Each structure stands twice: as structure tokens, then as C-alpha cells.
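By the numbering used here, the letter at position 102 of the sequence shown is numbered 102, and the numbering carries on one by one without gaps.
The beta carbon of each residue, even a glycine, is placed where N, CA and C say it ideally should be.
Everything numeric in this text was worked out from a predicted model, so none of it was measured.
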Amino acid sequence: DGEGGGAEDDGGLGMHVLKGAFKLNFADVVQKARYGYVIGEGEGDGGATSGMVAAPSNPSSSNYNSASSSSSSPSYSSAASEEQLNKCKSDDPSYLHMIHLTPDLRLDYDLDVWSDDDPPSISIKLTYAGGSSAWIGFGVSPDGNMIGSEVIIGRPDLARADGERPLKYRIKGKGTTAVVPMDGREQTLREASIEQASSPDGGGTIMKFKKLLRETGEHTIEPAGIMTFVYAVGSGDALAYHRHKGSFRIDLSKCISPDAYEPSSSQEGEGGTSGSSHGGDHHPRRTNRSGWVAHGVLATLAWAFTAPFAVTTAWFRTLVPSSWIYVHVFSNVATFLLTSMAFIVAVATMGSETESPSDHFSAVHHVV
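(1) One question on the structure: do Arg243 and Ile226 come within less than 8 Å of each other, judged by their Cβ atoms?
(2) If you follow the beta strand (DSSP E) that His242 is part of, which residue opens it and which one closes it?
(3) Pick helix, strand or coil for Glu22, following the three-state DSSP scheme.
(4) Can you give the Cα-Cα distance for Ser149 and Gly137, rounded to whole angstroms?
(5) Contact defined as beta carbons within less than 8 Å: I believe Asp108 pairs with Asp118. What is the distance between those atoms, to the nearest angstrom?
(6) Pair every Cβ in the region 338 to 352 with every Cβ in the region 296 to 313, then say whether three or more of these pairs are closer than 8 Å.
(7) If you draw a straight line from the C-alpha of Trp135 to the C-alpha of Ala240, how long is it?
(8) For Ile99, which residues in the same chain have their Cβ closer than 6 Å to its Cβ, ignoring the five residues on either side in sequence?
(9) Run through the region 118 to 174 for me and flag every whole alpha helix (DSSP H) of 4 or more residues, listed as ranges in chain order.
(10) Could you tell me if Ile147 is buried or exposed, where buried requires 16 or more neighbouring beta carbons within 10 angstroms of its beta carbon?
(11) Identify the residues that DSSP records as bridge partners of Gly234: which are they?
(12) Hey, could you find the ends of the beta strand (DSSP E) Pro181 is sitting in?
(13) Taking only runs of the alpha helix (DSSP H) that begin and end inside the region 307 to 362, which ones reach a length of at least 4 residues, in chain order?
(14) Hey, how far is the Cα of Trp114 from the Cα of Lys208?
(15) If you draw a straight line from the C-alpha of Asp143 to the C-alpha of Thr216, how long is it?
(16) Under 6 Å Cβ to Cβ from Ala346, same chain only, skipping five residues before and after it: list those, please.
(17) Who are the Cβ neighbours of Leu338 in its own chain at under 6 Å, not counting the five residues just before and after it?
(18) Could you check the C-alpha separation between Ala192 and Lys210 for me, to the nearest Å?
(19) Quick one: Cα of Ala348 to Cα of Ser253, how far?
(20) What is the DSSP secondary structure of Ala260, counted as helix, strand or coil?
(21) Return yes when the Cβ of Ile171 is within less than 8 Å of the Cβ of Val151, no when it is not.
(22) Quick one: measure Cβ to Cβ for Tyr231 and Leu18, integer angstroms, because I've assumed they're closer than 8 Å.
(23) Taking the alpha-carbon of Tyr218 as reference, which of Glu195, Ile206, Ser235 and Thr188 has the nearest alpha-carbon?
(24) Check whether the Cβ atoms of Pro120 and Arg214 sit closer than 8 Å, and answer yes or no.
(25) Could you work out which residue in Lys245, Glu195 and Asn332 is closest to Leu105 when comparing CA atoms only?
(26) Please report the distance separating the alpha-carbon of Ile194 from that of Val311.
(27) For Asp112, which residues from the same chain have a beta carbon less than 6 Å from its beta carbon, with the 5 sequence-adjacent residues on both sides left out?
(28) Just list the residues that DSSP pairs Ser290 with in beta bridges.
(29) What would DSSP say about Glu215, mapped onto helix, strand or coil?
(30) CB-CB under 6 Å to Ser133, same chain, minus the five flanking residues each way: which ones, in chain order?
(31) Am I right that Lys174 and Glu186 are in contact with their C-beta atoms under 8 Å? What's the rounded C-beta distance?
(32) What separation, rounded to the nearest whole angstrom, lies between the Cα atoms of Ser73 and Lys125?
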């Protein structure tokens with residue numbers, strides 16, 4: 001004691017009272033500060049408690065306006081919550097959570113509600129891997145219906161033509177004419193983009209954007225509590241008939257959705273859609289194969305047989321000078337009737353595959 005005390009009295013380096021070492025993962029610190037929990041926390045601890053804590057009980061201490069949200073702060077103290085959070089962990093380092101909406105459509109997102117620098121927002125990435133490029137729509141709908149919803153739509157055709165980014169729209173009715181873009185001052189999306197992507201089936205589309213949770217005159221996105229969203233995927237790049245559409249409920253803070261698609265091993269291998277959602281509204285496009293086969297047969301008979309035969313009889317009319325005209329007229333009439341039937345079958349088949357008559361001739365390609 002005398003020597004130690006003397007060293008301290010002399011201002012020298014004395015004996016330490018405590019010593020130790022510790023590990024610190026700054027990514028986990030940031031995650032816990034933002035969300036109140038760490039994905040994967042407690043794993044490998046031999047069954048110890050997860051260590052997850054409740055999110056801050058007073059969101060008003062940051063930019064988040066707690067007065068407009070009646071939802072209590074989410075708590076993650078159960079093993080089931082930890083399992084769910086790890087199950088929906090995104091493999092994209094730019095996002096925290098991930099769920100599947102359909103076998104081909106995936107949602108990655110990341111909430112930012114505790115930042116002192118920016119208003120509360122959500123970063124979203126939608127990935128469609130259906131084998132071809134297509135427009136994508138995603139937005140908020142309090143009742144789960146398309147009409148009355150506010151959505152973000154990305155169109156690859158416009159992005160390629162003039163570099164247009166995804167925009168915010170209001171859906172006021174059925175048909176593409178009722179999908180109205182919001183005013184320029186309301187187009188507040190940040191980091192918005194849409195691009196073609198490769199997939200095992202040959203192609204797809206990726207749409208990204210960052211949106212404020214609360215904006216004047218728009219539906220609010222609550223960071224905690226059940227929210228209802230809608231989505232749609234087009235049949236092509238131009239805004240027309242959707243290949244898939246649906247609605248789903250989710251608690252963004254907990255990454256819990258009773259309507260999320262949960263692929264099984266057999267479904268992943270087959271790419272099927274049976275049992276693809278739990279209470280959701282996933283509508284794969286109906287295909288009338290027999291109708292399209294009939295259309296093809298009629299068109300082939302008209303233009304591979306009767307039309308060439310009409311031309312041939314006129315060319316070789318000297319061989320049958322008295323009867324060639326009758327064969328020629330009959331072949332032309334048969335071509336006209338078969339073509340008309342092929343067109344009628346095509347219109348009827350397309351109509352059987354669409355949910356609304358207004359969807360049929362909603363694109364230039366359909367009219368042509």
C-alpha cells in the first residue's frame with residue numbers, strides 16, 4: 001500500500017483498480033439504437049435469453065411524431081420474435097428485412113425512424129424475377145383495395161426512353177386512365193430507380209425508392225402496428241394489364257405478415273403458386289391455353305393454306321380456264337372467314353384471362 005500510494009502521490013502510473021477486454025460490433029449498436037433489437041442476438045448462447053429489448057418508449061425524443069401514432073413501442077423479448085426476425089432477415093446489406101409477396105416478387109425494406117438528421121422514412125426494394133421485364137406498383141391502401149390507394153409505380157419503358165424514375169400515383173378507378181400521377185410538388189421520392197435484372201428464368205425488374213412515412217395529404221405509413229399495402233406486376237413494361245396483384249398486411253417493425261408468401265421446398269422447385277399466401281390476394285394471370293391453340297390453328301389455315309392457294313389458282317389460271325375463278329373466290333372467302341374467326345377467338349380468349357373488360361385494349365399493342 002505504501003509503495004502504491006507513494007506512486008499515486010508522486011503522480012506516477014499506479015496499479016490499476018479494474019482491467020478487462022470487450023468486443024463491440026458497431027453495426028449491432030446502430031441497429032439496436034434504431035430498432036431496439038439486434039437480428040441474431042442471443043444465437044449460440046446455449047439457450048440463454050435473446051437479450052432483445054423494447055424499442056425506445058418515447059419516439060418523440062427524435063424526429064418521429066408519437067402523437068400521430070397510437071401504436072405502442074414494439075417489444076421483442078420472446079424466442080418466437082427472434083426466430084421471426086432471423087427468418088425475414090434480408091441478404092442485401094442495404095436493407096434489414098425481407099418477405100416474399102408471391103413466388104416471383106420479393107420485398108426488402110429498412111425503416112429509418114430514429115435518425116436525428118432526416119424525417120422518418122422507409123427504404124424499399126421490390127424484386128420481380130418472373131422471367132421478363134415488367135412494370136411494378138406498390139403502395140398503401142387502408143382497406144386493401146386498389147381503388148383509393150396511393151402507389152409508387154416504376155415503368156421500365158419510360159426509364160429507358162427518357163430516364164423517368166418511379167413516381168407516386170393515386171388510383172381513382174378501374175383502367176389505366178384512372179391511375180393519375182401526383183402533382184410535381186408531391187413527387188418526393190428519393191433514390192428512386194427501376195431497372196431490368198437477370199434471374200434464373202431469364203429476366204426481371206428491380207424497383208427501389210425511399211419514401212417519407214408521413215406526408216401531407218397522403219396515407220401515413222406507420223412504423224409499428226399492422227399496415228395494409230397493395231402491389232401489382234404488369235404483363236410488360238408499359239402500364240397496362242397486371243400479371244399479378246394483391247394486398248397484404250404487415251407490422252413493419254416486427255417483420256410479421258400473416259399474408260406473406262412462404263415457399264416450401266417443393267414449390268420452390270416447381271415454381272407453383274398453390275398455397276402461396278395466407279389470407280392474401282395474390283391473383284396469377286389466368287391462361288386459356290385451348291383458346292390460344294384454336295386461334296393459332298385458324299390463323300394457320302387462313303394464311304398458310306387458303307390465302308396461298310387463292311394466289312396459286314390465279315397464277316395458274318390457264319391450266320383450268322373455266323373453273324379457276326370459282327376456286328380463287330372460294331379460297332379468298334375461306335381466308336376471310338378463318339381470319340375473322342381467329343380474331344374473334346383471340347378477343348374472347350383475352351377477355352377470359354382479364355378481370356375487367358377495360359384491361360383488354362388498355363395498351364397500344366392490344367389495339368394494333
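Reading from the atomic positions:
(1) No; because the gap between Cβ atoms is not below 8 Å, this pair is not in contact.
(2) For His242, the uninterrupted beta strand (DSSP E) run begins and ends at His242 to Asp251, by DSSP.
(3) Reading the sequence as shown, one finds Phe at residue 22 and not Glu. The three-state reading of DSSP puts Phe22 in coil, since its state is none of H, G, I, E or B.
(4) Each residue's CA atom was taken as its position, placing Ser149 and Gly137 some 11 Å apart.
(5) Taking C-beta atoms under 8 Å as the contact rule, Asp108 and Asp118 fail to qualify, at a distance of about 19 Å.
(6) Result yes; three or more Cβ-Cβ pairs closer than 8 Å.
(7) Roughly 9 Å between the two C-alpha positions.
(8) Cys88, Leu107, Ser257 and Ala260.
(9) For the region 118 to 174, whole alpha helix (DSSP H) runs of length 4 or above, ordered along the chain, are 156 to 162.
(10) It counts as exposed.
(11) Answer by DSSP bridge pairing, in chain order: His242.
(12) Val179 to Pro181 is the span of the beta strand (DSSP E), which, as asked, contains Pro181.
(13) Complete alpha helix (DSSP H) runs here, min 4: 307 to 315 and 324 to 353.
(14) Our two residues, Trp114 and Lys208, have alpha carbons roughly 21 Å apart in a direct line.
(15) Cα to Cα, the separation comes out at about 20 Å.
(16) Cβ within range, chain order: His295.
(17) Same-chain partners within the cutoff: Leu298, Leu301 and Ala302.
(18) Pairing Ala192 with Lys210, the inter-Cα distance amounts to about 7 Å.
(19) Near 46 Å, if we compare the C-alpha coordinates of Ser253 and Ala348.
(20) Three-state DSSP puts Ala260 in coil, outside helix and strand.
(21) Yes. Within cutoff.
(22) No, Tyr231 and Leu18 are not in contact; Cβ-Cβ is about 55 Å, not under 8 Å.
(23) This sequence places Glu at residue 218; Tyr is not what is there. Sorting Glu195, Ile206, Ser235 and Thr188 by C-alpha distance to the C-alpha of Glu218 places Thr188 at the top.
(24) It is a contact, given that the beta carbons lie within the stated cut-off.
(25) When only C-alpha atoms are compared, the closest one is Lys245.
(26) Per the coordinates, the alpha-carbon of Ile194 lies some 50 Å from the alpha-carbon of Val311.
(27) Apart from the 5 residues on each side of it in sequence, Asp112 sits with its Cβ closer than 6 Å to the Cβ of Ser121 in its chain, given in chain order.
(28) None, per the DSSP bridge assignment.
(29) Coil, per DSSP.
(30) Closer than 6 Å at Cβ, skipping near neighbours: Pro156, Gln196, Gly203, Thr205 and Asp237.
(31) Not really, about 23 Å apart at Cβ, beyond 8 Å.
(32) Note on Ser73: pLDDT 37, under 50, position unreliable in the model; the coordinate value appears next. Per the coordinates, the alpha-carbon of Ser73 lies some 25 Å from the alpha-carbon of Lys125.
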